[in-house]
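First the structure, in the form of structure tokens, and then the observations on it.
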Amino acid sequence: MAKTYMIGNWKMNQSLDEITEFFSSIKGKTTKEGNFWIAPQLIHIDRCLNLAQESNIKIGSQNVSNQDNGAFTGETAAVNLKEMGAHFSLIGHSERRAYNFETDEFINQKAKKLLENGMVAVICAGETLEQREAGKTLEVVLNQFKSALSEIEIKNEDQIILAYEPVWAIGTGKTASPEQAEEVHAAIRNLLKELYPALGEKLSILYGGSVKPTNVAELLAMPNINGGLVGGASIKAESFATLCNA
Ligand code: PEP
């Protein structure tokens, strides 16, 4: 059985005061057993690590370099995220693919750096509306994941997490129906069983794209949806706690 995760992607949001308020409000509210993770802005990771100490929330990063170290201005190395205490990094998010021109190969290099440094790679993939309407959803999503996982060996199911995030559903208020999402998740599960026969059933596949307290239960009821990657609805403690307890 795959483990369940609820991961909040705070993107470029939250002031220090808002972060303090979040962690003080969420204390004691994530009552279910589970894996509850937050990716704040890079400059807030240290503060979040301190504030999260009394909770069961783990902290990670929204991005990581594909290089070990050196003259890469503005980049952050996996080894330094790890030494700071970050647990995971998102990679392959559609916003970074679109605005930072990140390629599949680049994302694969980042995944390798995370694993080499003992961090969890949360790998995102998803189709645009145009691709969905052209009937290319499965081809696009499976190819993105195949490339991201190229030449990657894993020893256990905790090293990588996949997140299916249809681009047309991110931040738009439009969510894939549970059936639409499950169709893609089932295909991803088959790919994982092919790539990692011993671990394919145990790897977690999250859904992302306008997940909120009102639709989370029906999404999580699907057999291959093992949690959510959530933007907007993860920013307020009340809403994130409701998602974690769903
Ligand atoms: C995301 O950015 O990963 C995301 C799913 O955002 P939202 O929940 O706001 O659609």
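The working numbering applies: residue 3 is where the sequence shown begins, and numbers increase by one.
Every residue, glycine too, gets a C-beta built ideally from N, C-alpha and C.
Note that the structure is a prediction, hence the values are computed from the model and not measured.
Which class does residue i belong to by DSSP, given the choice of helix, strand or coil?
i	result
LEU201	coil
LEU83	helix
LYS60	strand
PHE103	coil
ALA243	helix
ALA136	coil
ILE237	coil
ALA127	strand
ASN71	coil
TRP170	helix
ASN226	coil
ILE28	helix
SER91	strand
ILE154	coil
SER149	helix
ALA189	helix
Is it right to say residue i is buried, meaning 16 or more other beta carbons lie within 10 angstroms of its own, or is it exposed?
i	result
THR177	buried
SER17	exposed
GLY157	At residue 157 the sequence reads Lys, which differs from the Gly that was named. Answer is exposed; the Cβ neighbour count stays below 16.
PHE249	Nothing can be reported for residue 249: it is not among the residues displayed for the chain, which extend from 3 to 248.
TYR209	buried
PRO225	exposed
THR216	exposed
ASN52	exposed
Distance check for residue j and residue i, CA to CA, integer angstroms please.
i	j	result
GLN182	ASN68	33 angstroms
SER212	LEU201	29 angstroms
GLU185	PHE147	16 angstroms
LEU193	LEU144	7 angstroms
PHE25	GLY128	31 angstroms
PRO2	GLU220	The structure shown does not extend to residue 2, since the chain spans only 3 to 248, so no value can be given for it.
ASN82	ASN71	9 angstroms
LEU222	ALA73	43 angstroms
MET86	MET121	12 angstroms
GLY173	GLY234	7 angstroms
LYS112	ALA150	9 angstroms
LYS195	SER236	31 angstroms
SER91	ALA165	12 angstroms
GLN43	ARG49	10 angstroms
ASN102	MET14	15 angstroms
ILE125	SER96	11 angstroms
Got a sec: is the Cβ-Cβ distance from residue i to anything in chain B below 9 angstroms?
i	result
ILE45	The structure shown contains no chain B, having only a single protein chain.
Do residue i and the ligand PEP come close, with the Cβ less than 8 angstroms from some heavy atom?
i	result
LYS13	yes
PHE233	Residue identity differs from the one stated: residue 233 is Gly in this sequence, not Phe. Within the cutoff, so yes.
HIS95	yes
CYS246	no
GLY229	no
SER236	yes
THR174	yes
GLY210	yes
So residue i and residue j are supposed to be a Cβ contact under 8 angstroms. How far apart are they, rounded?
i	j	result
ILE163	TYR7	6 angstroms
ASN65	ARG98	7 angstroms
LEU205	GLU159	5 angstroms
ILE47	ILE61	6 angstroms
SER57	ILE28	6 angstroms
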